[in-house]
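Quick note, the sequence shown lines up with residues -5 to 102 if you use the working numbering. Think of the CB as a built atom: it goes at the ideal place given N, C-alpha and C, for glycine as much as any other residue.
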Amino acid sequence: MEKLYYSIGEVAEIFNVAPTLIRFWEKEFEQIKPHRSSRGNRQFTAEDIETFRVIYHLVKIKRLTLEGAKQELKTNMSQIAKEITLLNKLTRIKGELLQIKKELNENS
């Protein structure tokens, strides 16, 4: 079951980055508006995590500048999200096929 809110540490762990980068992206990208707990801790939603996924893809994978990533988010957010979903599915299928290949080689 999906959680309602994720801490900054959990989000950083998902993307294998430092929490400081999550804070930085929060300040840089207007699309990210975390809730705050009564103690002032950031609470990110699943939607925020999907936005981070797109930002991560644009900045870390496609190597866009922050300004380039901001522009892409404004104009092509839904298309980029679809591409990332497709890439994740293909990566998972590739892993499954490699596992099958390994098992076939072990049994021959």
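(request) With Lys27 as the anchor, note down where its alpha helix (DSSP H) starts and where it stops. (result) Note, Lys27: premise wrong, no alpha helix (DSSP H); not H, not E.
(message) What would DSSP say about Phe23, mapped onto helix, strand or coil?
(response) coil
(request) Determine the extent of the alpha helix (DSSP H) in which Tyr(-1) is found, giving its start and end residues. (result) That residue, Tyr(-1), is in no alpha helix (DSSP H); it is neither H nor E in DSSP.
(message) I'd like to know if the segment 87 to 99 and the segment 37 to 48 are in contact, where contact means that at least 3 CB-CB pairs between them fall below 8 Å.
(response) no
(message) Based on DSSP bridge pairs, tell me the residues matched to Phe46.
(response) None, per the DSSP bridge assignment.
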